[in-house]
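Step one of this worksheet: look at the structure below.
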Amino acid sequence: MTIQRGGRVQKLCRLSRLGSVFPVVLYSQTQHHIFTNVLGCMLKYVNVLRMKSVEGEWKTIWEKTPKQDSDPNLPVIGNPVYSASDAPNHLSTADVKELSQRCVGGQELQQQRQKIQALADETNLSLKRNVYQNYMQFIETAKEISHLESEMYQLSHMLAEQRSLLGALSTTSVLGDKGPNCVEEADTGAESTEDEGQEEKEEEERRHKLATILEKVEGCVTLLDAPSRTLLHEGDLLELDAVENTALHRVHGYLFSDGFMITSWIPNRRGPVRYKFDMMYELGSLAVVNVRDMGTVKTAFKLLAFPDTRVFQCSNNQSKKEWLDKFDQAKKAQLPEWLLEVPEDLDVCIAQRHFEEAYNLLERAQDYLNKGSDNNKDPVVTDIRRKVDARAKALTEVLMKELEVSPDKSLQGGLRAARRAVRLLNQLGRATQACELFLKLCSSILKAQLKRVKREGATVLYVRQLGGIFFSNLTDMAREFLRAFPSSPSCSSVFVVWSGAELNHFTSHLIKQVFMPQVSISTLAECVTCVRSQCDQLCELGLDLRYQLDGLLRTPLTRALRDSREKLVDAVKLRAAEDKWHPLNLQNKAGLSKFLQEMSDIGIASIHTHVTGHYSGCRLSLNSRACWVGLTGNTVAFSKLYLSLLEDCVRLATPELVFTIDEVLGDVFHAQLRHVEISARTDNLRGEAKFIMKNAVFLLDTLLTLAEHGYEEKLGHPCSRLAQLHDEYSWLKKDNVSKPITKYSTTEYI
Numbered sequence: 001m002t003i004q005r006g007g008r009v010q011k012l013c014r015l016s017r018l019g020s021v022f023p024v025v026l027y028s029q030t031q032h033h034i035f036t037n038v039l040g041c042m043l044k045y046v047n048v049l050r051m052k053s054v055e056g057e058w059k060t061i062w063e064k065t066p067k068q069d070s071d072p073n074l075p076v077i078g079n080p081v082y083s084a085s086d087a088p089n090h091l092s093t094a095d096v097k098e099l100s101q102r103c104v105g106g107q108e109l110q111q112q113r114q115k116i117q118a119l120a121d122e123t124n125l126s127l128k129r130n131v132y133q134n135y136m137q138f139i140e141t142a143k144e145i146s147h148l149e150s151e152m153y154q155l156s157h158m159l160a161e162q163r164s165l166l167g168a169l170s171t172t173s174v175l176g177d178k179g180p181n182c183v184e185e186a187d188t189g190a191e192s193t194e195d196e197g198q199e200e201k202e203e204e205e206r207r208h209k210l211a212t213i214l215e216k217v218e219g220c221v222t223l224l225d226a227p228s229r230t231l232l233h234e235g236d237l238l239e240l241d242a243v244e245n246t247a248l249h250r251v252h253g254y255l256f257s258d259g260f261m262i263t264s265w266i267p268n269r270r271g272p273v274r275y276k277f278d279m280m281y282e283l284g285s286l287a288v289v290n291v292r293d294m295g296t297v298k299t300a301f302k303l304l305a306f307p308d309t310r311v312f313q314c315s316n317n318q319s320k321k322e323w324l325d326k327f328d329q330a331k332k333a334q335l336p337e338w339l340l341e342v343p344e345d346l347d348v349c350i351a352q353r354h355f356e357e358a359y360n361l362l363e364r365a366q367d368y369l370n371k372g373s374d375n376n377k378d379p380v381v382t383d384i385r386r387k388v389d390a391r392a393k394a395l396t397e398v399l400m401k402e403l404e405v406s407p408d409k410s411l412q413g414g415l416r417a418a419r420r421a422v423r424l425l426n427q428l429g430r431a432t433q434a435c436e437l438f439l440k441l442c443s444s445i446l447k448a449q450l451k452r453v454k455r456e457g458a459t460v461l462y463v464r465q466l467g468g469i470f471f472s473n474l475t476d477m478a479r480e481f482l483r484a485f486p487s488s489p490s491c492s493s494v495f496v497v498w499s500g501a502e503l504n505h506f507t508s509h510l511i512k513q514v515f516m517p518q519v520s521i522s523t524l525a526e527c528v529t530c531v532r533s534q535c536d537q538l539c540e541l542g543l544d545l546r547y548q549l550d551g552l553l554r555t556p557l558t559r560a561l562r563d564s565r566e567k568l569v570d571a572v573k574l575r576a577a578e579d580k581w582h583p584l585n586l587q588n589k590a591g592l593s594k595f596l597q598e599m600s601d602i603g604i605a606s607i608h609t610h611v612t613g614h615y616s617g618c619r620l621s622l623n624s625r626a627c628w629v630g631l632t633g634n635t636v637a638f639s640k641l642y643l644s645l646l647e648d649c650v651r652l653a654t655p656e657l658v659f660t661i662d663e664v665l666g667d668v669f670h671a672q673l674r675h676v677e678i679s680a681r682t683d684n685l686r687g688e689a690k691f692i693m694k695n696a697v698f699l700l701d702t703l704l705t706l707a708e709h710g711y712e713e714k715l716g717h718p719c720s721r722l723a724q725l726h727d728e729y730s731w732l733k734k735d736n737v738s739k740p741i742t743k744y745s746t747t748e749y750i
């Protein structure tokens, strides 16, 4: 258990063997090790006083023999082996035997053992008490170590400052009238002359060494052709057979800055020539492998230069180490310094979150390594390549971590904050992973945005706000996606699938919130129309989700239309039961004007032809000042209801819903015509026959015709069901209200 208090960490270290818990303040891992070692030593000294049975005899730690030194069950204190002189007041083997002989029976031995155990327990308790009393000293020691550590850091910082100060003083003018960076022309000229002299001296020394080699080696006249060739190391070697490891002959090797030359000894040499040129290997195509000492082969190394494999033996380990070090230095000298430091530079860039700089450096290193195909077998290049690949993987993981969504991660930056990570992952060849993480981030943002929308006020306002947030965010995400993955067909397909899945979630939520029994068909039509118009915005970006949206809404809309049909048919039947077939009285001119305006707004502009100033029927004699309409209130109410239903159905219409819409429109109008038909055949209403026929004419010629025109204008084709109703009930417009009977439906029986 860890307790944070006052900037320090207190840990309760349970000492299982001591049976107590001591609070110890630990300031660093080093202090923790020191404290643990001290307690370990104490525990070992406690175990010294305990008896252990080994090989059938009772012995103590002080009698541990060399054979028992490797036994892990026996504790070790200090030296690996202890003798009797190392431990005063110990029990020797003779004492144990004497004690065993003096005790008669196992009961006395058990008593002796209990006494020794009691002594051990007493010692253990005393040790616990001492540790508990002195644990403050451990805390003070830890504090001192912490102070010492901070002082060492301060000392290191002061030394660095002194070093920089001395460097600045070394470049300061003696007179003090010039800054550290200002150097007089005379001094500059002197320094440049001195540098040129130093370079000439080094060049002369290099040429002298190569000339000396030319005198000693026969057949290497091209040694001076390379202007920058420098001798790094030379020495005698013994070449061994690569298969049988037998000695072949003595050679002399010369390691240059650009290659390794092998020369053989001339047995009968005359003059200064000692060696004969054998082979020259370029360092770029040469691999040096250390050979492990085995059998007669010792202090050897192997040269791998395709197709040759040669083994050379050095005189001693020191010579072998020098050869291997020089080979390593020569190979590293061939590589640019920036390439050797690439792994460390990449670590720094990644740690400092300079991802663009890390990618540029990584790309530069990979280009250099891929161009140098001759160095593929070079161990140094191979090691650098391995480290660069590891850093590339680390950079990829860090960038993917940037895009991952976690509960504690803020989404305020939105998709703009993810642009850099997505772009770099694409450049690193991880477009698939970048696309997946990008879409997960988009899902989280969408979910967070939709959660903020609360169900308040009217349903239409809620749906408009919900759809606006969803489709506007989806549009922004589509634009951001096209910017991040401009030419990636596979990623585009993934985005389309993701968009469909998100639309499915949105539609499911919309259905749960809106498609309820108490919601009218007009409200549903307005909500669906709003969502469809918002969905059409995505078509500008080449993403058409309208068909999928209509498919998801098809089932709930079909159910809602049929439920609405049942409700409207029931309403028609209920009004029909209360219909007295009396004309509509608007009471005054104001009511008449309002009525005419309402009917004109819904499309029935010819309603004024049915308005009369008085009405005289066979049963009624009414006031001539009243404003009468030659239609029943039931007919007028049905006209308003049916035209509203027609408008809602037309707004909801899709090719898949046309059949259901035709059913709804036909069944509702058929229910009203059925009421007219029944009334016309009722004997009690014979006196109102002309008035009933007038209402039937209005329903068929005005309302039904208007509905057919509106349907065809919106959907582009006529409604067969409405036309069928028109033909079926056209007999209601005649004076003879008897319905014609069709004897044969077809002419095949005539």
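Just so we're aligned: 408 in the UniProt record's numbering is position 408 of the sequence shown, and the numbers increase by one with no gaps anywhere. Where a beta carbon is used, it is the ideal one built from N, C-alpha and C, also for glycine.
query	result
Return the CA-CA distance between Ile213 and Glu199, expressed in angstroms with no decimal places.	21 angstroms
Threshold first: 3 residues or longer. Then list the beta strand (DSSP E) segments lying entirely within the stretch 581-617, N to C.	583-585
Do three or more CB pairs link the stretch 554-570 to the stretch 536-545 at distances below 8 angstroms?	no
Among Val636, Ala577, Ser492, which residue has its Cα nearest to the Cα of Phe595?	Val636
Go ahead and label Trp265 buried or exposed: buried means 16 or more other beta carbons lie within 10 angstroms of its beta carbon, across all protein chains shown.	exposed
What do you get for Asp648, buried or exposed, if any count of 16 or more other CB atoms within 10 angstroms of its CB means buried?	buried
Label Val104 either buried or exposed according to how many other C-beta atoms from any shown protein chain fall within 10 Å of its C-beta, with 16 as the threshold for buried.	exposed
Exposed or buried, what is Gly253 when buried is set at 16 or more other beta-carbons lying within 10 Å of its beta-carbon?	buried
Quick one: Cα of Pro227 to Cα of Asp383, how far?	29 angstroms
Going by C-alpha distance, which of Ser492, Asn473, Thr523 is nearest Val463?	Thr523
Where Lys573 and Ile604 are concerned, what is the direct C-alpha to C-alpha distance, given to the nearest angstrom?	24 angstroms
Determine the direct distance from the alpha carbon of Thr705 to that of Glu656, and round the result to whole angstroms.	25 angstroms
List the whole-angstrom C-beta distance separating Leu568 from Leu652, where the pair is believed to meet the contact cut-off of C-beta under 8 angstroms.	At roughly 15 angstroms, the Cβ-Cβ gap does not stay under 8 angstroms, so Leu568 and Leu652 are not in contact.
Taking Cβ to Cβ, would you say Leu232 is nearer than 8 angstroms to Leu210?	no
What are the boundary residues of the beta strand (DSSP E) that includes His354?	Looking at the DSSP string, His354 is not in any beta strand (DSSP E), and its letter there is neither H nor E.
Mapping DSSP to helix, strand and coil, what is Leu545?	coil
Going by C-alpha to C-alpha distance, which of Leu424, Asp367, Ser406 sits closest to Leu395?	Leu424
Cα separation between Val174 and Arg163?	No answer about Val174 holds up, because its pLDDT of 45 lies below 50 and its placement is not dependable.
Straight-line CA distance for His509 to Ile678?	46 angstroms
To the nearest whole angstrom, what separates the beta carbons of Thr475 and Cys527, a pair I think is in contact under 8 angstroms?	Between Cys527 and Thr475 the Cβ distance is about 20 angstroms, and since that is not below 8 angstroms, they are no contact.
Can you have a look at Trp581 and say buried or exposed, based on whether 16 or more other CB atoms are within 10 angstroms of its CB?	buried
Taking the alpha-carbon of Glu456 as reference, which of Lys447, Gln449, Leu466, Ala448 has the nearest alpha-carbon?	Leu466
Taking the C-alpha atoms as reference points, what is the distance between Ala120 and Glu144?	34 angstroms
Assess contact between the stretch 320-329 and the stretch 353-372, defined as three or more Cβ pairs (one per stretch) separated by less than 8 angstroms. Is contact present?	no
With 16 other CB atoms within 10 Å as the buried threshold, where does Pro407 fall?	exposed
Give me the Cβ distance between Asp579 and Thr632, rounded to the nearest whole Å; I'm assuming they're in contact under 8 angstroms.	6 angstroms
Provide the residue span of the alpha helix (DSSP H) that contains Glu282, from first to last.	Element bounds for Glu282: not the alpha helix (DSSP H) but the beta strand (DSSP E), 275-282.
With the cut-off set at 8 angstroms, would you say Leu703 and Lys733 are in Cβ contact?	no
For Val288, count neighbouring C-beta atoms within 10 Å of its own C-beta (all shown protein chains included) and say buried if the count is 16 or more, exposed if not.	buried
When you compare only the Cα positions, how much space is there between Ile411 and Ile445?	Note on residue identity: the sequence assigns Leu, not Ile, to residue 411. Each residue's Cα considered, the two are about 7 angstroms apart.
Go to Asn290, then tell me how far its beta strand (DSSP E) extends in each direction, as first and last residue.	287-291
Please report the distance separating the alpha-carbon of Ala330 from that of Asp293.	25 angstroms
Taking 8 angstroms as the threshold, find out whether the stretch 302-311 comes into contact with the stretch 347-361 through three or more Cβ pairs.	no
Measure the C-alpha to C-alpha separation of Trp731 and Ser606 and round it to an integer number of angstroms.	23 angstroms
Alpha carbon to alpha carbon, how far is Glu566 from Met516? Give it in angstroms, no decimals.	15 angstroms
Taking only the alpha-carbon atoms, compute the straight-line gap between Ala484 and Leu428 and give it to the nearest angstrom.	14 angstroms
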